[in-house]
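As structure tokens, the structure follows; a few thoughts come after it.
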Amino acid sequence: MKKNIYIIICFLVCWTTACKKLDVPPINIIQDKDVFTSTGGIQAYMARIYSELPIEDFRYSPQRGLNFFWIISPFPAVTGEALSRDQNGAMQENVGESPWGDCYKLIRDANYFIENMPKYASTYTPAQVNSWLGEARFIRALTYFALVKRYGGVPIVDKVLEYPTANIDDLNIARASEEAVYDFVAADLDFAYANLSESNQAGRANRYAAAAFKSRAMLYAGSIAKYNTTTLSDGAGNRVCGIPSSKAVTYFKAAYDAALLVAPKYSLYKKVWAAGDKEAQFQNYVNMFYDESSNENIFVKQYHYPESVHGYDAYNVPRQLMGGNGYSSAVNPTLNYVELFDGLPKNADGTLRTTTSGKYDLYTNTMDLFANAEPRLRATVILPGDQFKGQSIEIRRGIYTGSSAGGISPILAPGSTSNYPTANIVQSSNANQTPYKLPDGTTMNPAGLSGVFTGDGTCAISGFSIRKYLVPDKPTSEVLENRSDQTWIEMRYAEVLLNRAEAAYELNALGQNDKDYLQDAFLDINQIRERAGATLLAGPGDLSNVNVVRKERRKELGFENKIWWDMRRWRTADTEQNSTIYRVLMPFYSANDKKYFFDARTDERNVRYTFDVRWYYEEIPNGEIQKSQKLIQNPGY
């Protein structure tokens with residue numbers, strides 16, 4: 036059956052190339068009746084349009100767009116979660132291929148299915164037909180959400196547009212208001228929820244997926260209504276950029292209610308979790324991203340070698356585990372991200388404490404600094420000296436050879452952006468390190484096998500490597516470009532809880548008292564924190580401001596390509612990235628002490644991140660603007 040489906044997909048790709056001059060279609064062209072009168076044909080149609088969903092997964096980067104095979108510039112490198120050797124600091128997404136055209140092609144495919152499937156309804160049961168129509172509406176909703184979160188209001192096309200047409204004005208459609216597009220998304224997802232089946236095969240939507248994505252989309256709309264300050268209206272009075280602030284409560288309530296619908300079906304993954312057992316909590320969190328039977332996964336995008344692949348492992352493994360392509364460490368978590376987690380020694384301002392009374396704290400092992408950290412951190416980030424694939428991941432910046440009498444003073448002045456001096460520090464400019472002979476006669480590579488080589492970006496330039504989504508038992512021989520096939524989890528129950536918590540917090544802040552929203556937010560956040568091994572909130576009073584909720588979201592959804600859109604809907608990207616240099620953590624080995632110390636500093640490359648406020652609404656492709664007199668451009672372009 037699977038082989039037959041792929042054959043039909045190939046025919047479908049060629050479907051629209053039939054010669055229009057013939058009254059009778061050639062017999063080798065797949066026609067509507069060949070598709071809509073068999074479950075195999077419908078499955079093939081669905082497989083194709085699902086594969087084209089605009090999901091920011093393993094094959095997405097802001098520089099190269101969606102579904103791009105060769106991804107070096109990683110998504111988290113534009114959010115402050117990570118640094119990349121290939122990231123220049125700019126945060127604009129729309130510098131590569133705009134998704135506008137591909138999204139409208141997918142919308143046409145969904146509309147075509149919605150219009151034509153009912154013509155063949157007698158072949159199937161009403162439940163089958165309604166479920167398939169629900170899937171098509173689900174796909175259309177997600178595609179419009181991908182457009183509206185980028186561009187604001189866009190043209191709403193809810194039928195197949197035929198070309199050529201007797202009336203060219205039928206194709207000249209103005210942008211709808213941003214509010215109208217979100218309402219259209221909500222209506223499609225409501226239809227999907229009402230008509231989809233309770234369950235579906237992996238990679239396809241069920242009714243709970245529709246509710247979960249509605250919680251995401253409505254949360255986004257509520258945030259725009261509350262926090263956006265950029266507005267644009269067309270000549271007809273449509274507010275194509277911006278949503279009235281009076282609608283914030285409406286959308287936050289819609290997000291909250293939609294999230295409640297998901298709870299009966301899904302729950303947080305806790306298969307090997309145990310209270311008070313950090314190692315079990317760590318392993319549980321790691322396993323969650325590879326367990327295909329996870330009760331947390333609501334909607335996934337599947338890959339399977341060799342027909343459907345990506346290169347996540349090849350680009351992101353620590354250098355010492357690098358495969359034959361010669362790639363590694365594309366995603367390097369920042370110290371700013373690591374500092375979000377509980378259990379680390381902190382200064383009064385919340386930054387990592389690495390000194391006491393002006394002298395570096397010394398550790399026998401690099402992992403000692405992180406001994407009390409919440410297990411979720413270790414499961415997300417490879418820390419210096421931690422184990423991965425049976426190896427200790429060696430991350431050092433150099434070997435300190437100076438005197439340690441009376442303690443070791445900071446190597447650089449606070450806030451310095453200078454390179455490290457060569458005096459008293461043995462460093463390496465590349466991976467071909469010259470081993471240094473220690474006072475006890477043993478030798479050590481200055482940077483370790485995966486540490487910071489000053490002339491080579493394929494290393495842990497932040498002092499950390501990514502762990503989330505790396506396959507823990509993938510042989511080095513298979514760590515190659517476009518050889519990975521782990522499943523991408525686009526929606527999981529943890530996000531639904533976070534959506535509900537944030538919507539509840541915002542409703543409470545907006546004075547809504549029909550429910551105890553703050554209590555609900557508190558309970559939802561504590562579910563996440565308990566599973567993570569973090570310290571539980573004592574009560575609703577601990578939700579002193581919205582940043583408590585947002586911080587939990589950043590920790591839980593880190594490196595899942597969600598924070599970028601959060602920063603945009605919160606309208607915080609421009610303040611967070613106002614000529615910002617992110618911080619790193621450099622481990623050093625003190626030769627005379629036989630111990631380690633850590634230097635917390637700004638990125639040595641001095642890469643500054645800046646966000647232009649006009650980027651909250653991306654530029655509509657000029658080619659599209661030139662096609663239609665009714666299509667107006669977003670502000671600032």
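Just so you know, we're using our numbering here: the sequence shown kicks off at 36 and counts up by one.
C-beta: ideal position from N, C-alpha, C; glycine also.
Bear in mind the structure is a predicted one, so any value in this text is a computation, not a measurement.
Here's a check: name, in chain order, each residue in its chain whose Cβ is nearer than 8 Å to the Cβ of residue i, leaving out the five neighbours to either side.
i	result
R413	F317, F405, D421, R502
S302	N330, E331, Y528
Y95	L101, N102, F103, I106, F110, N596
L659	Looking at the sequence itself, residue 659 is Glu, so the reference to Leu does not match. Counting only Cβ-Cβ distances below 8 Å, and skipping sequence neighbours, we find W135, G136, L666.
E150	K194, V195
Run through the DSSP bridge pairs and tell me what residue i is partnered with.
i	result
I524	V335
S438	Paired residue(s): none; S438 is not in a bridge.
A635	L620
T391	K394
Q426	F423
T478	K472
L267	C276
A117	P368
V461	I434
K381	L387
V416	I501
S625	Y435, K630
S343	H339
G100	S96
Cα-Cα, which of the options is closest to residue i?
i	options	result
D92	Y338, V195, A608	Y338
G498	N382, Y504, M621, Y398	M621
D520	K509, E530, M526	K509
Y147	D204, S133, T158, M81	M81
V581	A79, N534, A252, Q612	N534
T469	F488, A458, T493, N459	F488
Y350	Y340, G311, L267, V366	V366
E429	F423, V297, P419	P419
V70	V113, T158, V642	T158
L505	T285, P279, V321, F180	V321
K300	E233, S453, K194, Y435	E233
T415	R99, T390, E116	E116
V619	D549, K381, A176, D638	D638
E342	S86, F180, F632, D647	S86
E525	R274, A252, I333	I333
E565	N273, R411, K550	R411
What does a CB cutoff of less than 7 Å around residue i pick up in its chain, not counting 5 residues either side in sequence?
i	result
N517	F104, V344, H345, G346
M323	Y304, S329, E331
G393	S444
A260	I278, P279, S280, K282, A283, Y286
T156	According to the sequence displayed, residue 156 carries Ala and not Thr. V164.
L375	K586, R589, K590
N230	N165, S166, L168, G169
Using a Cβ-Cβ cutoff of less than 6 Å, which residues in the same chain neighbour residue i once the five nearest sequence positions on both sides are dropped?
i	result
F287	G257, A538, E541, L542
I667	D269
F226	R172
P575	L553, Q554, F557
G492	R120
Y325	none
D377	E409, A569, T570
For residue i, count the other beta carbons within 10 Å of its own beta carbon; 16 or more makes it buried, fewer makes it exposed. Which is it?
i	result
G693	Because the chain here runs from 36 to 672, residue 693 falls outside it and cannot be looked at.
S579	exposed
Q462	buried
T478	exposed
L571	exposed
T457	exposed
Q236	exposed
G671	exposed
N241	buried
A310	exposed
G483	buried
N669	buried
L295	exposed
K630	buried
N454	exposed
E314	exposed
D634	buried
T12	The shown model of the chain, from 36 to 672, leaves out residue 12, and the question about it has no answer.
L57	Bear in mind that a pLDDT of 36 at L57, under 50, signals an unreliable position, so the model cannot answer this.
Inset, instruction - Check whether the region 351-358 touches the region 502-514, counting contact only when three or more Cβ pairs, one atom from each stretch, lie closer than 8 Å. - result: yes
Legend entry - Cβ contact (3+ pairs, closer than 8 Å) linking the region 533-547 and the region 278-294: yes
Inset, instruction - Spell out a yes or no on whether the region 269-279 and the region 197-217 are touching, meaning 3 or more CB-CB pairs, one atom from each, closer than 8 Å. - result: yes
Inset, instruction - Check whether the region 181-193 touches the region 647-654, taking contact to mean three or more Cβ pairs, one atom from each stretch, closer than 8 Å. - result: yes
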